[in-house]
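Asks: The numbering of the sequence shown is numbering that gives the first Met the number 0, which starts it at 0 and goes up by one.
We put the CB at the ideal spot given by N, CA and C, even for glycine.
Sharing a structure below in C-alpha cells format, with a few things to ask.
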Amino acid sequence: MRRQQNDYFPIFLAGILSGVIFAVSVLIGIKITPGEMQNVNMSYPDFITIMLTAVTVVITILAIFIAILAFWGYSQFQKMTETASKEHLERLLKEGPFAKGIEGVIVQHVSEQLERGKLRSILIERVDSILLNDASRRAEIDPAASNDKPFTD
Numbered sequence: 000m001r002r003q004q005n006d007y008f009p010i011f012l013a014g015i016l017s018g019v020i021f022a023v024s025v026l027i028g029i030k031i032t033p034g035e036m037q038n039v040n041m042s043y044p045d046f047i048t049i050m051l052t053a054v055t056v057v058i059t060i061l062a063i064f065i066a067i068l069a070f071w072g073y074s075q076f077q078k079m080t081e082t083a084s085k086e087h088l089e090r091l092l093k094e095g096p097f098a099k100g101i102e103g104v105i106v107q108h109v110s111e112q113l114e115r116g117k118l119r120s121i122l123i124e125r126v127d128s129i130l131l132n133d134a135s136r137r138a139e140i141d142p143a144a145s146n147d148k149p150f151t152d
C-alpha cells in the first residue's frame with residue numbers, strides 16, 4: 000500500500016497567520032503600562048464593549064481559519080477515500096473471492112446480450128449498415144467492380 004506524502008499547507012498557513020499577528024502587534028506598538036492605566040477614564044460598560052469586540056474579532060478569525068482547514072480536510076478526505084476504495088476494489092478483483100467469479104459473470108452477461116438482448120439488435124444494424132454502405136461506396140468508386148460476380152465455387 001502506497002503511503003501518502005505529507006501536506007504542509009496547514010502548517011504554512013498557521014505560520015503565516017502567526018507572523019501577521021506578530022507583525023501587526025509590533026507595528027502598532029501596543030504598550031500598556033500600569034502608569035498609563037491610571038490616566039484612562041473608562042466606565043465599566045465601555046470596558047465590556049471593548050472586551051466583547053476583541054473576543055468577537057478573535058472568534059471570527061478562528062472561525063475563518065477552521066473553515067479553511069475544514070475545506071482542505073474535506074478535499075483530502077475525499078481523495079483518500081477514493082484512492083483507498085480503488086485499491087481495495089482492485090485487490091478484491093485480483094486476489095479476493097470475486098477474482099474467479101467476476102469473469103464468468105461478465106462473459107455470461109455479454110453472451111446473453113448477444114443472443115437475445117439489445118446488443119444483438121445493435122450489432123445487426125451496424126453490420127447491415129456497413130455492408131450496405133460499403134457496397135454502394137465500392138460501386139461509386141469502381142463501376143466495373145459491380146459487374147463482377149460474387150464469390151462462387
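Below 8 Å, can you find three or more Cβ-Cβ pairs linking the stretch 4–18 to the stretch 65–80?
Replies: yes
Asks: Please state whether DSSP places Asn40 in a helix, a strand or coil.
Replies: coil
Asks: What are the boundary residues of the alpha helix (DSSP H) that Pro96 is part of?
Replies: Under the DSSP assignment, Pro96 falls outside any alpha helix (DSSP H); it carries neither an H nor an E label.
Asks: Could you give the distance in angstroms between the alpha-carbon of Ile105 and the alpha-carbon of Leu91?
Replies: 16 Å
Asks: How long is the line joining the alpha carbons of Leu51 and Gly72, rounded to whole angstroms?
Replies: For Leu51 and Gly72, the distance between alpha carbons rounds to 31 Å.
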